[in-house]
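Every position in the sequence shown, counted from 1, becomes a number in the numbering used here once 5 is added.
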Amino acid sequence: MAYFTWSSIYSVGNHEMDSQHKVLIDLINRMHEAMRTGKGSSELGGIFKEMVNYAQFHFSAEEKLLITAAFPDYAKQKAEHDSFIKKQKDFEAQYKAGKLALSIEVLNFLREWLTGHIQVEDKKYSPYLKAKGLS
Ligand SMILES: [Fe+2]
């Protein structure tokens, strides 16, 4: 059983966004697997870095789409994305400085944030994408 499994309850009604959310989930699962199997910190750190980079790529793709769709809650989305990126950068800096272990608590935070964000904020844009033929 994977640590984090995508299911249709996370669908935002847009194939590209769903696919990108699945990639993020997969990266979180890879971190979990590296932890579970006692992989070295360099491997774990590498996957974490990949996740941070991919999250930025995904957020910017999502933001572009929401601008195209004239989504009225765009500012809230952007603020949540920015604060998540800041938090990840914070983790990264602390990790690099040896002040933070990439622990299950960090993973739980990433998983909870992503599920909450998708189910609350992202779901709000589905009808707007649909109305513009962007789903
Ligand atoms: Fe989002």
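Ideal placement from N, C-alpha and C gives every residue a C-beta, glycine not left out.
Owing to the predicted nature of the structure, the values given are computational and were not obtained by experimental measurement.
Residue i (DSSP reduced to helix, strand or coil)
i    : result
S13  : helix
L49  : helix
A136 : helix
T120 : helix
T42  : coil
N19  : coil
A60  : helix
D31  : helix
A66  : helix
Distance between residue j and residue i (C-alpha atoms, nearest Å)
i    : j    : result
S13  : F53  : 25 Å
M6   : L119 : 19 Å
V17  : L71  : 12 Å
H37  : E110 : 11 Å
E55  : Q124 : 23 Å
M22  : Y79  : 16 Å
G121 : L112 : 14 Å
E68  : K137 : 15 Å
Y100 : H86  : 21 Å
Q82  : E126 : 7 Å
S131 : D31  : 23 Å
Supposed close pair residue i, residue j - CB separation, criterion 8 Å
i   : j    : result
N34 : Y8   : 5 Å
G50 : L107 : 7 Å
A66 : Q25  : 7 Å
Open item on the list: My parser needs the alpha helix (DSSP H) runs of 4 or more residues fully inside the segment 81 to 118; what are they?
Closed with: none
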